[in-house]
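Novice: Residue numbers for the sequence shown follow my numbering, beginning at -7 and rising by one. Glycine included, every Cβ here is placed at the ideal spot set by N, Cα and C. What you are looking at is a predicted structure, and each value in this text was computed from that prediction instead of being measured.
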Amino acid sequence: MVGSAPSPCEVFNRYFSVDFASSPEHKRSVYEVRYRVYCEEFRYEEREAFPDGQERDRYDATSLHCLITHRQSGQPAGCVRLVPAGAAPGLELLPLEEHCATSLDRDFIAGLALDRGTVCEISRLAVDGHFRRRAGESSSRYGAAGAALEASPQEQRSFPLISVAAFLAATALTDLAGRTNVFAMMEPFLPRMLERSGIRFQRAGADTDYHGIRAPYFVRTQDAVAGMRPELTELYVSINARIRSQFGHALKAAS
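(1) Can you name, in chain order, every residue of its own chain whose Cβ lies under 7 Å from the Cβ of residue 230, other than the five neighbours on each side?
(2) Whose C-alpha, out of 73, 166 and 215, is nearest the C-alpha of residue 116?
(3) Tell me where the alpha helix (DSSP H) around residue 215 begins and ends.
(4) Between residue 109 and the rest of its own chain, which residues show a CB-CB distance below 6 Å, the 5 nearest in sequence each way excluded?
(5) With the cut-off set at 8 Å, would you say residue 58 and residue 13 are in Cβ contact?
(6) Taking the C-alpha atoms as reference points, what is the distance between residue -3 and residue 143?
(7) May I ask you to report which of helix, strand or coil DSSP gives residue 112?
(8) Pull the bridge partners of residue 200 from the DSSP assignment, please.
(9) Could you tell me the distance, in whole angstroms, from the CA atom of residue 239 to the CA atom of residue 98?
(10) Quick one: does residue 49 have its CB under 8 Å from some CB of chain B?
(11) Taking 8 Å as the cut-off, decide whether the C-beta atoms of residue 24 and residue 68 are in contact.
(12) Please classify residue 205 as buried or exposed, where buried requires at least 16 other C-beta atoms within 10 Å of its C-beta.
(13) Residue 9 by DSSP, collapsed to three states: which one?
(14) Can you tell me where the alpha helix (DSSP H) holding residue 29 begins and where it ends?
(15) Between residue 210 and residue 194, how many whole angstroms is the CB-CB distance? I'm expecting something under 8 Å.
(16) From this set, 121, 63, 71 and 50, which residue's C-alpha is nearest residue 90's C-alpha?
(17) Since residue 96 contacts residue 180 with CB under 8 Å, what's their CB separation in whole angstroms?
(18) Any contact of the stretch 72 to 87 with the stretch 183 to 193, i.e. 3+ C-beta pairs under 8 Å?
(19) Pull up the CB-CB distance for residue 26 and residue 118, whole angstroms please, since I reckon it's below 8 Å.
(20) So, residue 87 versus residue 54, is the Cβ gap smaller than 8 Å?
(21) So is residue 146 buried or exposed if we call it buried at 16+ other beta carbons inside 10 Å?
(22) Please report the distance separating the alpha-carbon of residue 187 from that of residue 46.
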């Protein structure tokens, strides 16, 4: 009798781990992934601005970060962060409010009547170039384009799950941090991919050219979780449990 195919959760967890990046070592890996993607590969940021090879900005100190690591090689594979609104003086605006203000649909956002203490932005979602394998997607930070990493065909088929897992990790953080009204600036590819998984964002504005063509989107955490397809829910529950445990340990260590 032929066994059933492994679920996306089983496939992903076989090859990758997801961590709440609270330690200096994990944060360094996050910033190094961002440097390789944002500065070296896509030239969104100037390499000269980050001589230590770590791409950072003023939001990082108050953000929550997640890191995805390839188990076999130990290489950082992807990252994402949660930026809370108004986390510190001078950081009242989210990155999208600061850099993409003219693209925002102010009437739509005002109609949401959001408590700013529950608002965040998911940003800096990036997948290292070694973990993109499919031809024709090199223009996206989330797609896959010819991996230089040695991996079996079965393992390479798990690579597109990295960007999904990063989003799920960020979703888990929104729940843990109580920042459940979520904005994101996304390239057209990502909301379409997430919608196929049952996660439907609402457009919160118009396209704009900011690190490529993007648009602002909004979703409530509870709606994102409720809409997930069963196979994705299994992966989310697994990631959520791991990050919840690490998040709790980090809070205890900080107290």
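Specialist: According to the structure data:
(1) 1 and 5
(2) 73
(3) 213 to 219
(4) none
(5) yes
(6) A direct Cα-to-Cα measurement between residue -3 and residue 143 gives close to 20 Å.
(7) strand
(8) 206
(9) 34 Å
(10) In the structure shown, chain B cannot be found, because there is only a single protein chain.
(11) Contact flag set, yes.
(12) With fewer than 16 other Cβ atoms inside 10 Å of its own Cβ, residue 205 counts as exposed.
(13) strand
(14) First-last for residue 29: undefined, no H or E at that position.
(15) Rounded, the Cβ-Cβ distance is 5 Å, consistent with contact.
(16) 50
(17) That pair is no contact at about 17 Å.
(18) no
(19) 6 Å
(20) no
(21) exposed
(22) 32 Å
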